[in-house]
Amino acid sequence: MTADASRGAQAPPELVQLLTPEGERVEHPDYDIDLTPEEVRSLYRDLALVRRVDLEAVALQRQGELGIWASLLGQEAAQIGSGRALTDADMAFPTYREHGVAWCRDVDPLKLLGLFRGVNHGGWDPKEHNFHLYTIVIGSQTLHAVGYAMGIQRDDATAATIAYFGDGATSQGDVNEAFIWASVFNAPIVFFCQNNQWAISEPLERQTRIPLYRRASGFGFPGVRVDGNDVFACLAVTRQALKNAREGQGPTLVEAYTYRMGAHTTTDDPTRYRVASELEAWKLKDPIERVKAYLFKNEHADQAFFDSIDAEADQLGADLRRRCLAMPDPRPLDIFDHVYSEPHPLIDEERAQFAAYLEGFES
Amino acid sequence: MTVMSLSKALNEGMRKAMEDDPKVLIMGEDVGKLGGVFRVTDGLQKDFGEDRVIDTPLAESGIIGTAIGLALRGYRPVCEIQFDGFVFPAADQIITQLAKMPMRSLGAIKLPVVVRIPCGGGIGAVEHHSESPEAYFTHTAGLRVVACSNPADAYSMIQQAIRSDDPVVFFEPKRRYWEKADIDTSTGDWWTPFDKGRVVRPGTDATLIAYGPMVKTCLEAATAAEDDGRSLEVIDLRSLNPLDQPLVMESASRTGRVVVVHEAPVNNGFGAELAARITERCFYRLEAPVLRVGGFSTPYPPSKLEEHYLPDLDRVLDAVDRAFGY
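The listed protein sequences derive, respectively, from chains A and B.
Going by the UniProt record's numbering, the first sequence wraps up at 363, each residue one higher than the last.
Going by the UniProt record's numbering, the second sequence wraps up at 326, each residue one higher than the last.
Here it is as structure tokens:
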């Protein structure tokens with residue numbers, strides 16, 4: 001089996017791109033986007049701030065304040081572009097790496113840290129943000145997203161769901177079942193696959209022989225591959241796919257072609273399985289630098305703007321760090337909370353026994 | 001004799017099995033170039049090639065389902081499930097096919113498949129990375145279920161599991177992966193059959209029964225109890241299915257007090273089976289009911305709370321005290 005050469009810096013030809021790595025705005029026959037300078041500056045701010053949140057979280061993990069962290073480094077445009085395409089009524093189902101989408105859904109970054117710090121298994125109310133809890137088991141959430149979309153259909157609501165997953169997840173039965181369900185029920189859903197080229201140590205070619213977006217045709221709905229490092233294209237393509245879903249045209253698979261610049265998680269060591277030159281090639285396609293270049297070139301922003309974003313990022317990072325360290329540890333008896341929605345005698349019995357046991361140490 | 005960690009002992013055991021039998025294959029996610037997320041298969045792909053050490057697509061049902069097919073074709077696949085909580089997509093293939101196909105074939109088919117599962121908590125991990133799902137599999141007839149607790153057993157038991165013509169679910173105590181011991185790799189003379197348990201510390205006053213990660217905890221508890229003048233026997237079950245009943249019943253009859261310890265929830269856990277069987281066989285010799293120490297009837301908690309959830313020396317000794325209160 002040969003390696004997929006397209007994993008390198010060379011962009012595959014079928015890629016939807018609206019902003020080149022050099023910051024040049026380019027046309028695409030099927031997709032367009034009309035953004036005001038202010039809107040572009042706002043996207044830049046999103047990208048820069050979520051990268052800063054991510055870097056701070058990596059640092060917190062290195063210092064022992066988080067048990068583990070799954071970095072989104074390199075995937076900011078895919079997440080901000082798709083996240084900003086959502087309306088308030090749309091519902092997003094993330095994996096455990098969608099920190100940028102969480103940002104778009106107004107989830108306090110502190111709440112993302114709880115799971116990784118080990119104080120809870122997921123610290124926000126999905127209904128409050130229309131952003132579901134992180135799902136760690138690979139691919140499970142795609143079926144939940146389809147079921148949710150079927151609910152939207154039955155409610156006659158004007159909304160869609162978006163299901164996030166990675167290239168590795170496309171091998172899971174659940175994801176393939178989600179494709180089938182969505183297809184035959186014409187569910188209002190966008191399958192947003194961030195193909196970051198690596199499933200821990202396994203390269204894309206261990207999951208597929210064809211470009212992932214082409215899988216959609218076999219299931220009976222359209223698939224499109226977008227430059228996942230191009231926030232304009234991700235926004236345009238996702239916006240269109242969501243619109244189609246809301247208008248009753250069924251699912252779309254969006255393959256955001258990107259790269260996992262960091263390790264799988266902070267416990268992983270990618271030097272064991274991939275070459276540095278690949279990383280270097282992708283550095284040239286950085287999702288943030290191209291927006292910066294675009295803003296500069298078109299004189300939509302000056303240095304003072306970028307300085308102000310840097311300052312805001314610094315403040316955000318410092319604030320996140322301070323609040324992370326102040327996050328209270330859960331209390332031992334919290335173990336028994338929320339296991340059931342209704343009272344449960346065995347839980348009550350064990351809670352009482354454990355409380356008495358703990359009191360034994362105090363006396 | 002060679003000093004080895006438990007993970008290295010498994011690695012060496014698999015290496016030996018692969019050298020002895022060209023039909024032995026390794027399969028799983030990240031088991032090849034990376035050597036597994038715990039490095040248990042480190043170096044095996046380099047030495048045995050990609051045909052024998054297979055990085056599979058990311059699908060646990062696929063791993064077990066195709067392992068069954070390979071076994072039908074005469075291979076002996078050793079499958080790694082990356083973490084305990086990820087075994088459930090494979091549960092269908094394990095329970096409906098792997099466990100039952102030999103009987104379905106009236107004995108014509110043998111399925112020598114090993115399913116390795118790093119299990120248990122104590123490593124500060126996120127959800128689905130700290131579970132003890134053994135009872136789901138001990139409840140499924142057709143599977144042998146074993147759990148190693150130390151490097152020497154890891155080395156011998158993995159080889160015996162691979163040699164077995166039955167499917168074996170092989171639990172590895174992930175928080176003990178890095179513990180070391182001296183192992184004699186020159187001969188198999190010292191090997192205890194992998195379906196037998198072992199008294200790892202003799203005692204006279206009460207019996208602690210454990211397997212996997214809790215064996216060490218029980219040994220520490222027995223040492224601590226000695227200071228209080230109590231002599232605790234510790235049994236490492238090693239095999240949950242089949243259960244080494246003669247070993248368990250002899251000890252229970254002799255000491256009259258039994259405490260079963262596992263990380264999995266007490267409720268419907270493997271300890272329930274032990275308690276029932278011991279009560280049935282040794283009722284008149286018991287001085288106290290068989291007591292169980294284990295996880296609560298809750299999902300595994302976030303890691304900041306796992307020290308409270310996991311049985312520790314104090315919880316074991318508390319149960320021993322209660323056993324002496326009857």
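For every residue, glycine included, the Cβ atom is placed at its ideal position computed from N, Cα and C.
Partner residues on chain B for residue 350 of chain A, Cβ-Cβ distance less than 7 Å: Per Cβ cutoff of 7 Å: 296 and 297.
Option in A:321, A:316 and A:353 with minimal Cα separation from residue 332 of chain A: Of A:321, A:316 and A:353, the residue nearest in Cα terms is A:353.
Under 9 Å between C-beta atoms of residue 101 of chain B and residue 95 of chain B: No, Cβ-Cβ distance for residue 101 of chain B and residue 95 of chain B is not below 9 Å.
Chain A contacts from the region 23 to 54 of chain B (Cβ-Cβ distance under 8 Å): Of all residues in the region 23 to 54 of chain B, 29, 30, 32, 33, 34, 35 and 37 have a Cβ within less than 8 Å of some Cβ in chain A.
Span of the alpha helix (DSSP H), counted from its first residue to its last, around residue 101 of chain B: That run of the alpha helix (DSSP H) goes 101 to 104.
C-alpha distance - residue 311 of chain B paired with residue 176 of chain B, whole-angstrom precision: When the Cα atoms are used, residue 311 of chain B and residue 176 of chain B turn out to be separated by approximately 15 Å.
Contacts of residue 207 of chain A in chain B (Cβ-Cβ under 8 Å): Neighbours of residue 207 of chain A on chain B, chain order: 57 and 58.
Residue 93 of chain A beta carbon near the ligand SAM (any heavy atom closer than 8 Å): Questions concerning the ligand SAM fall outside what the structure shown contains, since it holds no ligand whatsoever.
Pick from A:97, A:103, A:72 and A:73 that is closest to residue 86 of chain A, judged by C-alpha positions: The shortest Cα separation from residue 86 of chain A among A:97, A:103, A:72 and A:73 belongs to A:103.
Closest residue to residue 24 of chain A among A:298, A:197 and A:55 (Cα-Cα distance): It is A:298 whose Cα lies nearest to the Cα of residue 24 of chain A.
N- and C-terminal bounds of the beta strand (DSSP E) containing residue 287 of chain A: From DSSP, residue 287 of chain A is part of no beta strand (DSSP E) but of the alpha helix (DSSP H) over 287 to 297.
Contact between the region 301 to 308 of chain B and the region 268 to 279 of chain B (3+ Cβ pairs under 8 Å): The region 301 to 308 of chain B makes no contact with the region 268 to 279 of chain B; the number of CB pairs closer than 8 Å stays below 3.
Alpha helix (DSSP H) segments (min. 4 residues) lying fully within the region 208 to 295 of chain B: Whole alpha helix (DSSP H) segments, 4+ residues: 214 to 227, 245 to 255 and 270 to 282.
Simplified DSSP state of residue 223 of chain A, which is helix, strand or coil: Three-state DSSP puts residue 223 of chain A in a strand.
Minimum C-alpha distance to residue 125 of chain B - residue among A:265, A:21 and A:220: Minimum Cα distance to residue 125 of chain B is reached at A:265.
Cutoff 7 Å; reference residue 48 of chain B; Cβ partners in own chain excluding five residues on either side: For residue 48 of chain B, where only same-chain residues beyond five positions count, the Cβ hits under 7 Å are 18.
Beta-ladder partner(s) of residue 140 of chain B, from DSSP: The secondary-structure analysis by DSSP pairs residue 140 of chain B with nothing; it has no beta-bridge partner.
Run of the beta strand (DSSP E) containing residue 195 of chain A, from where it starts to where it stops: Counting along the chain, residue 195 of chain A sits inside the beta strand (DSSP E) bounded by residues 189 to 195.
Among B:163, B:119, B:114 and B:129, the one whose alpha carbon lies nearest that of residue 121 of chain A: Residue nearest to residue 121 of chain A within the set B:163, B:119, B:114 and B:129 is B:129 (criterion: CA-CA distance).
Interface partners of residue 62 of chain B on chain A, CB under 9 Å: Simply 171, 172 and 173.
Residue range of the beta strand (DSSP E) that includes residue 91 of chain A: Here the beta strand (DSSP E) through residue 91 of chain A covers 91 to 93.
Status (buried if at least 16 other CB within 10 Å, exposed otherwise) for residue 112 of chain B: So residue 112 of chain B counts as buried.
N-terminal and C-terminal residue of the alpha helix (DSSP H) that residue 20 of chain B is part of: Where residue 20 of chain B is concerned, the enclosing alpha helix (DSSP H) stretches over 6 to 20.
Under the three-state DSSP convention, the category residue 205 of chain A falls into: Helix, per DSSP.
The beta strand (DSSP E) enclosing residue 55 of chain B, as first and last residue numbers: From DSSP, the beta strand (DSSP E) with residue 55 of chain B extends over 53 to 55.
Short CB-CB distance (under 9 Å) between residue 272 of chain A and chain B: Yes, residue 272 of chain A counts as interfacial toward chain B.
Coarse secondary structure for residue 28 of chain B, derived from DSSP in three states: When secondary structure is reduced to three states using DSSP, residue 28 of chain B falls in the strand class.
Where the beta strand (DSSP E) through residue 77 of chain B begins and ends: Unbroken beta strand (DSSP E) run through residue 77 of chain B: 76 to 80.
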